[in-house]
Amino acid sequence: MTYKVGISRQITQRTAFVFLGLATAITVIPVLFIIIYTAIKGGGAISWDFITQFPSQAGKAGGIFPAIVGTLYLMLGTLVFALPVGVLAGIYLTEYARDNWLTRLINLAIVNLSGVPSIVFGLFGLSMFALTFHFGLSLLTASLTLACQALAMVITTSREAILAVPREYREGSLAIGTTKWQTIRHIVLPQAFPGIITGAVLAISRAAGETAPILVVGAAFLMPKLPQSPFDQFMALPYHLYTVAAHVPNMPKETIWGVALMLLIVVLSFDILAAVIRIKTRQKR
Amino acid sequence: MDITLLKQNGKTEFPSTCTTKLKTEKVNLYYGTFQALRNVTLEIPACNITAIIGPSGCGKSSLLRLFNRMNDLIPGSRVEGNVELDGIPIYGPKVDVVELMKRVGMVFQKPNPFPMSVFENVAYGPRRHGINNRAELEEIVEKSLRQAASWDEVKEKLEQSGLALSGGQQQRLCIARVLAVEPEVILMDEPCSALDPVATLKIEDLMRNLAQEYTIIIVTHNMQQAARVSDMAAFMMMEEDRAGTLVEYGPTSKLFTNPKDKRTEDYITGRFG
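This is the structure:
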């Protein structure tokens, strides 16, 4: 006896694969295009001097060293504020909060927090941290502002990483008479750690690219020296890019693309760092 | 272990040498609006193995998890009636659930060693209970692994991941982990269902040894296993609304050779379930 294999079924299958593959390609192509195009246009501007020198002639000459350092400071500041608060909130929401209207409202607020336009965060930071708390236009104010924005992502990824820890581990720990906090501290958090760190690194790499919020809370176009304290103003790559591209006349195109490429390199290297952390910790298990 | 139980006026009585360790009285357990257990009354003797058998979904695990309040983890769970450990109501006010779980340890269906070394798996409980002295921990780890019939197999592998062991070794590691905090009762929720027959027999031997010092309650799907290892057996079924009830409870030898209830007989002879 022979089976009639439906030809149409195979065609359907093949068509589906083609469309799925196409959709995937469409998502990948713009990313690759942006990276390659930026690299071609700006690659020539990148040099040791470009990375290590202070700018001169309104950014037309010299390097972008203080902008790179400023962006790294900002990322560090954002991480310092967003990581502990985000992780603790994530623990509370997954492990302790009861499922009631208040918790649901908080969850809704967190989801919507990531939808708030970044300029609004900037204005909030200006009025709250710069003026009310008298932190002024400074690295501290900008870090706190970006941390507020990153918080949503840190909480969400922490929560997911905590929820992904198998129930068997928690029960196994509780079943020998350990407290809930001991179980969280010694079983859940070590397991969730890679996920939490990955989320946090992605959140700060996103924050590193933000232009609008830092525009109003302390980014400066040109600074004669690096920030000496958290209360100083600072230079940052995205703001520098915005200014040299939009406000400096006769700016060499290659320098503009060079700044853009540097920003991409900083952001992408942190994304890669997040991936490496995830892979490393997965192998260790 | 020879146990003669007398049935008097519907109340199970143990010989005077055998005290009651755990007791439930008219217990109803609810998950939200769903009733998981109805009117369960039984007394579990100390230093014995009690098996809970019955078809899937009849509330065996729910009954087991009643004894260490593991059901509390499920949102919306509610207990009516009385559950006692050594005469103390464990659902009463002022009960320290953490201390209860230390006294009533639990081994799960799927071996669940923590993703850490064999040594740290066993030392985990004692560490959390405040023992930090290395020598003391080493002593506890060795003693617990010996009790769990694992020492000779894993003594060279103490620093290896617990997850690298075979399934049977993992389960005995989990038993050692429980033993390390010196419980009085060990609850076992189908501890052999993920293991091969050889590993299963090892665990059964281990249970028989442990029963000299510990009160063991085991939930099992495997009736041969219940017949082989247990002193007492409880047969459960679910009612039409899927609430679990206790059909028959008594010495294993009696329940398996001369069941009083027709439904027990049907089940153990394999007519359903």
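Sequences listed follow chains C and Y, in order. Residues 1 to 285, numbered by the numbering used here, are exactly what the first sequence covers, in order. Residues 1 to 273, numbered by the numbering used here, are exactly what the second sequence covers, in order. Glycine included, every Cβ here is placed at the ideal spot set by N, Cα and C. Since this is a predicted model, take the numbers as computed values, not measurements.
Requested in this report: Quick one: give me the first and last residue of the beta strand (DSSP E) that Y:K143 is part of.
Outcome: Here the question's residue 143 of chain Y lines up with position 143 in the second sequence. Counting along the chain, Y:K143 falls outside any beta strand (DSSP E), though it belongs to the alpha helix (DSSP H) covering 134-147.
Query raised in the report: In chain Y, what lies closer than 7 Å to C:Y169 by C-beta?
Result: In the first sequence, counting from the first residue as 1, residue 169 of chain C sits at position 169. In chain order: N112, F114.
Query raised in the report: Helix, strand or coil: which one does DSSP assign to Y:N112?
Result: In the second sequence, residue 112 of chain Y corresponds to position 112, counting from 1. Coil.
Requested in this report: Would you mind telling me which residues of chain Y sit closer than 7 Å to C:D232, beta carbon to beta carbon, in chain order?
Outcome: Position 232 of the first sequence holds residue 232 of chain C. Under the 7 Å cutoff, chain Y gives no residues; its nearest Cβ is about 45 Å from C:D232.
Query - Any C-beta of chain Y under 8 Å from that of C:L286 - result: This structure leaves residue 286 of chain C out entirely; chain C is present only between 1 and 285.
Requested in this report: Tell me, please, which residues DSSP counts as bridged to Y:E84.
Outcome: Your numbering for residue 84 of chain Y matches position 84 in the second sequence. Answer by DSSP bridge pairing, in chain order: Y:K23, Y:P89.
Query raised in the report: In its own chain, which residues sit with a C-beta less than 8 Å from the C-beta of C:F81, not counting the 5 before and 5 after it?
Result: In the first sequence, the residue the question calls residue 81 of chain C occupies position 81. The residues are S143, L144, A147.
Query raised in the report: To the nearest whole angstrom, what separates the beta carbons of Y:N28 and Y:L37, a pair I think is in contact under 8 Å?
Result: Along the second sequence, one-based indexing puts residue 28 of chain Y at 28. Along the second sequence, one-based indexing puts residue 37 of chain Y at 37. Y:N28 to Y:L37, Cβ: 6 Å. Contact.
Query raised in the report: Counting only beta-carbon atoms, is C:G177 nearer than 8 Å to chain Y?
Result: Here the question's residue 177 of chain C lines up with position 177 in the first sequence. Yes, because at least one Cβ of chain Y sits closer than 8 Å to the Cβ of C:G177.
**Report entry** Amino acids of chain Y, ordered along the chain, whose beta-carbon sits closer than 7 Å to that of C:I187
**Finding:** Against the first sequence, residue 187 of chain C aligns to sequence position 187. Ordered by position in chain Y, the residues that pass the 7 Å Cβ test against C:I187 are F114.
Query raised in the report: Hey, how far is the Cα of C:G125 from the Cα of Y:P113?
Result: As a first step, residue 125 of chain C is located in the first sequence; it is residue number 125 there, counting from the start. As a first step, residue 113 of chain Y is located in the second sequence; it is residue number 113 there, counting from the start. Distance between the alpha carbons of C:G125 and Y:P113 is about 47 Å.
Query raised in the report: Which partner residues of Y:S117 appear in the DSSP bridge assignment?
Result: Taking the second sequence and counting its residues from 1, one reaches residue 117 of chain Y at position 117. For Y:S117, which the question treats as bridged, DSSP gives the partners Y:S161.
Query raised in the report: Between Y:Y167 and Y:A194, is the Cβ-Cβ spacing less than 8 Å?
Result: Numbered from its first residue, the second sequence carries residue 167 of chain Y at position 167. Numbered from its first residue, the second sequence carries residue 194 of chain Y at position 194. Before going further, note that residue 167 of chain Y is Gly rather than Tyr in the sequence given. Against a cut-off of 8 Å, the Cβ pair of Y:A194 and Y:G167 comes out as a contact.
**Report entry** Within-8 Å CB hit, Y:C192 to chain C
**Finding:** By one-based count along the second sequence, residue 192 of chain Y stands at place 192. False, the Cβ-Cβ gap to chain C never drops below 8 Å.
Query raised in the report: By DSSP, does Y:Q35 sit in helix, in strand, or in coil?
Result: Position 35 of the second sequence, counted from the first residue, corresponds to residue 35 of chain Y. If DSSP states are grouped into helix, strand and coil, Y:Q35 belongs with the strands.
Report task. With 9 Å as the C-beta to C-beta threshold (strictly closer), list the residues of the segment 80-109 of chain C near chain Y in chain order. Result -> R98, D99
Requested in this report: Compare the Cα-Cα distances from C:A218 to each of C:V28, C:G44, C:G70 and report the closest residue.
Outcome: Within the first sequence, numbered from 1, the residue matching residue 218 of chain C stands at position 218. The amino acid occupying residue 218 of chain C in the given sequence is Gly; Ala does not appear at that position. Answer by Cα proximity: C:G70.
Report task. Take C:L137 and list the residues in its own chain whose beta-carbon comes closer than 7 Å to its own, dropping the five residues that flank it on each side. Result -> As a working mapping, residue 137 of chain C is identified with position 137 in the first sequence. Closer than 7 Å at the Cβ level, and outside the excluded window around C:L137, lie A130, V217, G218, Q233.
Requested in this report: Indicate whether the contact test is met: 3 or more Cβ pairs, each with one atom in the segment 85-98 of chain Y and one in the segment 133-152 of chain Y, closer than 8 Å.
Outcome: no
Report task. Taking 8 Å as the cut-off, decide whether the C-beta atoms of C:I35 and C:L237 are in contact. Result -> Numbered from 1 along the first sequence, position 35 holds the residue referred to as residue 35 of chain C. Numbered from 1 along the first sequence, position 237 holds the residue referred to as residue 237 of chain C. If you check the CB distance, C:I35 and C:L237 do not come in under 8 Å.
Query raised in the report: Name the residues in the segment 162-189 of chain Y whose C-beta lies less than 9 Å from a C-beta of chain C; which are they?
Result: L163, C174, R177, V178, A180, V181, P183, L187
Requested in this report: Taking all protein chains shown into account, decide if C:T243 is buried (16 or more other Cβ within 10 angstroms of its Cβ) or exposed.
Outcome: Against the first sequence, residue 243 of chain C aligns to sequence position 243. So C:T243 ends up on the buried side.
Report task. Could you have a look at C:I26 and say whether DSSP puts it in helix, strand or coil? Result -> Translated into positions along the first sequence, residue 26 of chain C becomes position 26. Of the three classes helix, strand and coil, the one that applies to C:I26 here is helix, per DSSP.
**Report entry** Neighbour list for Y:F119 in chain C, Cβ cutoff strictly below 7 Å
**Finding:** Position 119 of the second sequence holds residue 119 of chain Y. Result: empty, since nearest Cβ-Cβ is about 15 Å, beyond 7 Å.
Query raised in the report: In chain order, what residues of the same chain have a beta carbon less than 8 Å from the beta carbon of Y:L201, not counting five sequence neighbours either side?
Result: Your numbering for residue 201 of chain Y matches position 201 in the second sequence. Nothing listed; no residue qualifies.
Query raised in the report: What does Y:E139 reach in chain C if we use C-beta pairs closer than 9 Å?
Result: Numbered from its first residue, the second sequence carries residue 139 of chain Y at position 139. Listed along the chain, the chain C residues whose CB falls inside 9 Å of the CB of Y:E139 amount to none; the nearest CB is some 18 Å away.
Query raised in the report: Can you give the Cα-Cα distance for C:T78 and C:A207, rounded to whole angstroms?
Result: Position 78 of the first sequence holds residue 78 of chain C. Position 207 of the first sequence holds residue 207 of chain C. Cα-Cα distance, rounded: 8 Å.
Query raised in the report: Span of the alpha helix (DSSP H) holding C:M153?
Result: For the purposes of this step, residue 153 of chain C is taken as residue 153 along the first sequence, with counting starting at 1. Start and end: 139-163.
Query raised in the report: Can Y:M236 and Y:V247 be called in contact, C-beta distance under 8 Å?
Result: One-based indexing of the second sequence puts residue 236 of chain Y at position 236. One-based indexing of the second sequence puts residue 247 of chain Y at position 247. When the beta-carbon positions are compared, Y:M236 and Y:V247 come within less than 8 Å of each other.
Query raised in the report: Checking contacts by CB at 8 Å: is Y:R38 closer than that to chain C?
Result: As a position in the second sequence, residue 38 of chain Y is number 38, starting the count at 1. It does not: the Cβ of Y:R38 has no partner Cβ on chain C nearer than 8 Å.
Query raised in the report: Alpha carbon to alpha carbon, how far is Y:R242 from Y:K60?
Result: Start at 1 with the first residue of the second sequence, and residue 242 of chain Y comes out as number 242. Start at 1 with the first residue of the second sequence, and residue 60 of chain Y comes out as number 60. Their Cα atoms are separated by approximately 12 Å.
**Report entry** Coarse secondary structure for Y:K49, derived from DSSP in three states
**Finding:** Position 49 of the second sequence, counting from 1, holds the residue named residue 49 of chain Y. First, the amino acid is wrong: residue 49 of chain Y is Ile here, not Lys. Three-state result, Y:I49: strand.
Query raised in the report: What does C:Q182 reach in chain Y if we use C-beta pairs closer than 8 Å?
Result: To locate residue 182 of chain C, count along the first sequence from 1; it is residue 182. The answer, in chain order, is R128.
**Report entry** Against chain C: residues of the segment 97-111 of chain Y by CB proximity under 7 Å
**Finding:** Contacts with chain C (Cβ-Cβ distance below 7 Å) from the segment 97-111 of chain Y involve V98, E99, M101, K102, G105, M106, F108, K110, listed in chain order.
Query raised in the report: Excluding five sequence neighbours on each side, which residues of the same chain lie with their C-beta closer than 7 Å to the C-beta of Y:G125?
Result: Within the second sequence, residue 125 of chain Y is the residue found at index 125, counting from 1. Result list for Y:G125: R177, A180, V181, in chain order.
Query raised in the report: Where do the N-terminal and C-terminal ends of the alpha helix (DSSP H) with C:M235 fall, by residue?
Result: Within the first sequence, residue 235 of chain C is the residue found at index 235, counting from 1. First-last for C:M235: undefined, no H or E at that position.
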